[in-house]
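Protein chains in written order, with this note's numbering: chain Y, 1 to 350; chain G, 351 to 622.
Please read the structure below before turning to the comments.
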Ligand SMILES: Cc1cc2nc3c(=O)[nH]c(=O)nc-3n(C[C@H](O)[C@H](O)[C@H](O)COP(=O)(O)OP(=O)(O)OC[C@H]3O[C@@H](n4cnc5c(N)ncnc54)[C@H](O)[C@@H]3O)c2cc1C
Ligand code: FES
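Below you can see the structure in the form of structure tokens.
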């Protein structure tokens with residue numbers, strides 16, 4: 001563990017920005033919320049901060065573009081994927097623990113298995129992540145209900161923890177260690193008491209989370225009851241409020257579903273596009289001849305919960321929710337995951 | 351690295367009209383594509399799009415591939431308009447394919463209906479590779495009308511390939527040119543000459559048929575682990591990534607499309 005003061009940290013970022021496009025959390029004056037923003041020059045944009053909680057946007061779009069070309073055909077040797085020069089390097093600073101958990105979950109789907117999405121893999125390889133501890137939590141944050149903690153433990157190159165005068169810095173990868181050793185002049189050894197200062201903040205945020213969520217059960221209450229097939233009233237109740245905008249799945253860092261479609265480019269050349277998709281919209285699973293297996297909105301609302309809290313537990317070994325609460329903030333109907341946990345628990349108890 | 355989204359350049363060499371609505375496309379991909387019976391391909395009509403199809407040809411042949419396709423929508427309409435020489439694209443194979451290992455030494459019941467006969471033909475080619483490996487191969491095919499029975503030119507040959515192979519067909523309603531059995535395919539599953547405890551049943555066809563075939567098989571004594579169904583869901587990526595084709599927690603494109611009924615019987619609306 002090392003210490004870096006705030007001035008040197010900005011110098012470090014300036015150096016790293018020569019390796020790729022730098023993104024930092026910037027506070028929006030009106031809403032008070034943080035947005036990831038490209039920092040194209042120094043000093044860093046006004047409002048830049050590594051404190052607080054997660055940004056409005058997750059890191060999803062760095063790995064999986066909203067819309068991207070995945071093939072142009074026909075092409076000689078078009079099957080071979082060449083990553084060289086395809087993607088810029090992104091230096092993403094201020095990502096929170098929930099962001100990193102989500103990346104790991106999506107990695108499991110898009111990279112692992114018999115087939116790898118080479119575009120995603122390549123973009124992931126081109127990400128340098130400097131994460132940061134949460135110094136507070138939002139009303140909608142509920143990572144504690146997923147057994148997760150508000151400070152990064154893995155999945156980062158460097159992690160910073162704000163303490164008086166600067167940050168404690170931890171390397172979480174070989175690349176992170178290299179960054180430190182190549183920039184030794186910016187770092188010092190931590191002084192006694194600094195680690196304790198960091199741990200105090202961490203403990204304070206955990207306490208805040210537990211307080212905020214004390215009326216809600218842990219997310220694991222979902223898994224077993226869902227498997228036992230709850231009655232459908234619950235879902236029609238949620239669906240009655242849902243306006244089918246798809247904001248929850250778009251904002252969700254662990255929602256990775258996409259759709260492929262083709263476009264004509266020239267006379268005899270075509271482009272295959274991959275685009276984010278949402279299980280909440282009707283066309284998503286429609287099939288030839290027989291409509292869709294989830295014709296009703298309540299089926300789709302239900303599917304969102306089953307996919308995250310049951311199916312992926314069975315197929316990929318964990319609940320695909322990090323408790324970041326973005327879906328709660330984004331939902332114009334006020335649907336709150338935690339509320340569903342509570343209802344499911346109540347129903348399961350009957 | 352390989353780009354699994356790229357459709358391999360493929361030429362349509364020949365087109366065979368099987369029924370008024372089904373055509374078999376004989377395809378030659380730029381390089382051989384090895385597949386197992388029941389695995390499926392994503393077939394691209396350039397500029398129109400992709401759709402999943404299970405090859406109907408012999409899985410022992412990888413230089414060429416036949417796919418039999420029912421005309422039913424955007425991609426399949428465009429396919430039916432194609433002429434020999436047309437350029438298409440292929441991705442795959444995807445999925446697990448039929449559980450051939452399990453069938454060895456067993457009495458195998460194959461039940462197909464409508465365009466479902468297409469994937470079943472690849473299965474039959476695989477079984478016919480060495481029929482003596484199976485105690486019995488009992489084939490039951492159904493269609494609405496006689497002319498809707500795909501591959502009927504081959505039935506006599508298949509039925510007489512080996513003494514342990516039998517093939518019976520049925521059509522839904524009487525037809526002047528038909529003197530065979532009349533009734534839904536389930537009506538020829540009643541008096542099976544099969545030792546059911548020693549058997550596996552595999553079925554492919556429209557979902558409604560799968561549903562009633564399954565109910566019938568259960569009625570005559572098959573247990574859910576002995577029943578394999580070729581399931582159908584909307585697909586896009588074909589490789590378990592786009593999230594679209596789930597039946598319960600299974601992705602048909604990875605865990606299927608042929609699913610053991612025992613694994614999916616608890617899924618609500620499993621037959622759509
Ligand atoms: C693993 C697998 C293997 C398969 N193997 C074969 C095979 O060997 N042979 C074969 O013929 N087929 C096979 N199929 C089915 C085949 O994939 C579909 O028939 C094909 O995708 C249809 O594509 P399309 O673009 O022609 O139809 P689409 O245009 O996608 O769909 C048209 C159909 O969908 C319905 N539809 C259209 N618009 C709407 C709407 N807005 N709302 C509701 N319904 C609508 C219509 O009823 C119409 O019939 C297989 C499917 C799977 C999953
Ligand atoms: S088709 Fe994409 S997950 Fe099955």
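Virtual Cβ for every residue (Gly too), placed ideally from N, Cα, C.
Close-in-space but distant-in-sequence residues of the same chain around residue i (CB under 8 Å, 5 per side omitted)
| i | result |
| --- | --- |
| residue 78 (chain Y) | 71, 72 |
| residue 250 (chain Y) | 276, 278, 330 |
| residue 47 (chain Y) | 26, 27, 28, 29 |
| residue 9 (chain Y) | 160, 166, 167, 186 |
| residue 194 (chain Y) | 3, 163, 168 |
beta-carbon residue i near ligand 2 non-hydrogen atom, thresh 8 Å
| i | result |
| --- | --- |
| residue 617 (chain G) | no |
| residue 589 (chain G) | yes |
| residue 585 (chain G) | yes |
| residue 256 (chain Y) | no |
| residue 594 (chain G) | yes |
| residue 393 (chain G) | no |
| residue 602 (chain G) | yes |
Any non-hydrogen atom of ligand 1 closer than 8 Å to residue i Cβ
| i | result |
| --- | --- |
| residue 463 (chain G) | no |
| residue 424 (chain G) | yes |
| residue 299 (chain Y) | no |
| residue 372 (chain G) | yes |
| residue 367 (chain G) | no |
| residue 402 (chain G) | yes |
| residue 419 (chain G) | yes |
| residue 406 (chain G) | yes |
| residue 87 (chain Y) | no |
| residue 621 (chain G) | no |
| residue 310 (chain Y) | no |
| residue 390 (chain G) | yes |
Anticipated Cβ contact below 8 Å, residue i with residue j, distance rounded
| i | j | result |
| --- | --- | --- |
| residue 258 (chain Y) | residue 64 (chain Y) | 7 Å |
| residue 603 (chain G) | residue 385 (chain G) | 14 Å between Cβ atoms; not a contact. |
| residue 535 (chain G) | residue 570 (chain G) | Contact doesn't hold; Cβ gap of about 13 Å is too wide. |
| residue 51 (chain Y) | residue 149 (chain Y) | Not quite, the Cβ-Cβ distance comes to about 17 Å (not below 8 Å), so this is no contact. |
| residue 81 (chain Y) | residue 351 (chain G) | 4 Å |
| residue 516 (chain G) | residue 489 (chain G) | 7 Å |
| residue 362 (chain G) | residue 262 (chain Y) | Contact flag wrong, Cβ pair sits at about 17 Å. |
| residue 548 (chain G) | residue 457 (chain G) | 6 Å |
| residue 578 (chain G) | residue 542 (chain G) | Not a contact, Cβ separation roughly 16 Å. |
Contacts around residue i, its chain only, beta-carbon distance under 6 Å, and the 5 residues preceding and following it disregarded
| i | result |
| --- | --- |
| residue 475 (chain G) | 408 |
| residue 483 (chain G) | 454 |
| residue 289 (chain Y) | A caution first: residue 289 (chain Y) carries a pLDDT of 47, below 50, which makes its placement in the model unreliable, though a value can still be read off. Here the set comprises nothing. |
| residue 374 (chain G) | 366, 368, 416, 418 |
| residue 404 (chain G) | 390, 469 |
| residue 235 (chain Y) | 298, 301, 302 |
| residue 113 (chain Y) | none |
| residue 525 (chain G) | 495, 496 |
As assigned by DSSP and simplified to three states, the class of residue i
| i | result |
| --- | --- |
| residue 418 (chain G) | strand |
| residue 86 (chain Y) | coil |
| residue 280 (chain Y) | coil |
| residue 176 (chain Y) | helix |
| residue 320 (chain Y) | coil |
| residue 144 (chain Y) | helix |
| residue 564 (chain G) | helix |
| residue 540 (chain G) | coil |
| residue 290 (chain Y) | With a pLDDT of only 46 at residue 290 (chain Y), under 50, the local geometry of the prediction cannot be trusted, and no value is derived from it. |
| residue 392 (chain G) | strand |
| residue 252 (chain Y) | coil |
| residue 595 (chain G) | coil |
| residue 523 (chain G) | coil |
| residue 344 (chain Y) | helix |
| residue 237 (chain Y) | helix |
| residue 456 (chain G) | coil |
Cβ-based neighbour list, residue i, same chain, cut-off 7 Å, excluding 5 preceding and 5 following
| i | result |
| --- | --- |
| residue 470 (chain G) | 460, 462, 554 |
| residue 256 (chain Y) | 64, 106, 109, 110 |
| residue 612 (chain G) | 574, 575 |
| residue 371 (chain G) | 420, 421 |
Cross-strand partners of residue i (DSSP beta bridge)
| i | result |
| --- | --- |
| residue 263 (chain Y) | Y:271 |
| residue 558 (chain G) | DSSP, once it has assigned bridges, lists no residue as partnering residue 558 (chain G). |
| residue 23 (chain Y) | Y:38, Y:92 |
| residue 298 (chain Y) | None, per the DSSP bridge assignment. |
| residue 437 (chain G) | G:361 |
| residue 67 (chain Y) | Y:275 |
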